[in-house]
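What follows is a set of notes on a single structure, which appears directly below.
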Amino acid sequence: MKRYLLASIAGLLLGGSAHAAPSYAVLSLVGDKLDVVTYQMATGSKLDANSHNALALPQDEFDLAALRAINRTLKTKVPGAQVALLAASRAEDFADQDRIFDGGRVALPAEIDAAVQREGAANLLLVTKHHGEARMRVMQGRIGSGRVEGLGFYLDGTTELEDHDTGKRAVGFIAPFVYVDVSLVDVATRSVVRRKTIMAGRTVGVYDSAQGVKAWDALSAADKVSTLTSMLVEELDAAVPDLVAPAAR
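Numbering (our numbering), first residue to last: 40 to 288.
In structure tokens form, the structure reads like this:
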């Protein structure tokens with residue numbers, strides 16, 4: 040599906056309502072590419088020796104999933120809310136997202152800012168990439184090194200894991216991760232009212248390593264997409280209600 044920065048089209052696609060003066064505009068800027076991170080043992084003073092490969096996505100299914108999830112939460116938690124769903128159209132809208140935030144205020148790219156103003160939204164729910172330490176969940180805690188960003192997969196071909204139910208040991212793992220910030224922005228003042236940071240990563244062990252299975256192949260292509268999508272939706276379902284609760288506004 041082609042990317043659009045047009046709330047009326049996005050709203051029709053997702054079942055949202057793009058009224059003349061919605062209470063919320065919603066925009067997700069995390070689905071243009073995946074960060075595929077391969078663990079490399081660090082030496083000396085190098086802080087992050089991992090290799091990073093950007094896997095460009097031809098479709099915007101992750102951003103659409105985020106919009107659907109937030110729209111559903113708003114309809115449930117804010118009865119009568121009017122919602123305009125926005126989708127970015129240009130590659131540059133997804134780049135250097137740190138530039139959007141200046142302290143407690145936001146400076147949106149001109150095209151996005153114009154779309155938000157055109158919708159007359161009082162609030163903006165903005166989903167952006169978070170850059171943070173790799174901490175992937177295992178049974179006894181979290182493991183990982185270096186940093187990851189946005190949506191992607193952390194690959195480790197050497198660390199051993201054990202399935203506590205079966206006792207089976209795995210050599211290496213793949214960890215889908217969701218590292219995003221969700222910000223509630225007052226459109227009139229361009230100030231960040233509240234922000235939730237999501238740092239979620241789940242390990243899937245390579246239990247068939249004797250047959251030469253590599254970390255990347257521990258999940259099929261379909262499972263990679265479905266797992267990452269379900270994680271993103273689950274995390275947004277948990278984060279957004281606190282952002283739009285009366286006490287948070």
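Built from N, CA and C at the ideal position, the CB exists for glycine as well.
For residue i, count neighbouring Cβ atoms within 10 angstroms of its own Cβ and tell me buried if that reaches 16, exposed if not.
i    : result
H170 : exposed
N92  : exposed
D99  : buried
M175 : buried
F133 : buried
L124 : buried
R107 : buried
Q179 : exposed
L200 : buried
D135 : exposed
A277 : exposed
T228 : exposed
K207 : exposed
A214 : buried
A95  : exposed
A205 : Note that residue 205 corresponds to Thr in the displayed sequence, not to Ala. So T205 ends up on the exposed side.
Here's a check: name, in chain order, each residue in its chain whose Cβ is nearer than 6 Å to the Cβ of residue i, leaving out the five neighbours to either side.
i    : result
V166 : S67, V69, A105, V219 and V221
Alpha carbon to alpha carbon, how far is residue j from residue i? Give it in angstroms, no decimals.
i    : j    : result
N89  : F216 : 16 Å
T197 : D225 : 46 Å
R129 : V155 : 16 Å
P285 : L113 : 12 Å
P61  : V75  : For P61, the pLDDT reaches just 45, beneath the cut-off of 50, and the residue's location in the model is therefore unreliable, although a value from the coordinates is still provided. Answer to the nearest angstrom: the Cα atoms are 37 Å apart.
G54  : K116 : Unreliable positioning characterises G54 in this predicted model, as indicated by a pLDDT of 41, which lies under 50. The coordinate reading is nonetheless provided below. Straight-line Cα distance between these residues: approximately 17 Å.
M238 : V177 : 14 Å
N162 : K253 : 45 Å
L190 : K263 : 11 Å
V283 : D71  : 26 Å
T266 : Q79  : 24 Å
K235 : V210 : 34 Å
V245 : F192 : 14 Å
A173 : W255 : 17 Å
P97  : L73  : 11 Å
R138 : A149 : 13 Å
M270 : L258 : 15 Å
V145 : F212 : 37 Å
A260 : E158 : 37 Å
L147 : L164 : 13 Å
E188 : K168 : 6 Å
R241 : L194 : 11 Å
What first and last residue would you give for the alpha helix (DSSP H) that runs through residue i?
i    : result
D74  : D74 -> not in any alpha helix (DSSP H); beta strand (DSSP E) instead, spanning K72 to T77.
T112 : E100 to K116
A279 : The question names Ala, but residue 279 is Val in the sequence shown. That run of the alpha helix (DSSP H) goes A260 to V283.
V69  : No alpha helix (DSSP H) holds V69; DSSP gives it neither H nor E.
E150 : A149 to E158
Excluding sequence positions up to five away, which residues of its chain have a Cβ less than 7 Å from the Cβ of residue i?
i    : result
G143 : S230 and V231
A120 : S62, Y63, L113 and K114
P280 : T112 and K116
D87  : G185 and R186
I182 : M175 and T198
V272 : A104 and A108
Ends of the beta strand (DSSP E) at residue i?
i    : result
R129 : Here R129 belongs to no beta strand (DSSP E), and DSSP marks it neither H nor E.
A95  : S90 to A95
Apart from the five residues on each side of it in sequence, which residues of its chain come closer than 8 Å, Cβ to Cβ, to residue i?
i    : result
I151 : L44, L66, L125, A127 and D132
Taking 7 Å as the line, does the beta carbon of residue i fall inside it for any heavy atom of the ligand MN?
i    : result
V245 : The ligand content of the structure shown is nil, which means the ligand MN is not present either.
Practice task
Report the residue ranges of all beta strand (DSSP E) runs contained in full by the region 195 to 251; include only those spanning at least 3 residues, in chain order.
Solution key: 208 to 225 and 230 to 240
Review point. Which runs of the alpha helix (DSSP H) fall wholly inside the region 158 to 194 and span at least 4 residues, in chain order?
Key: none
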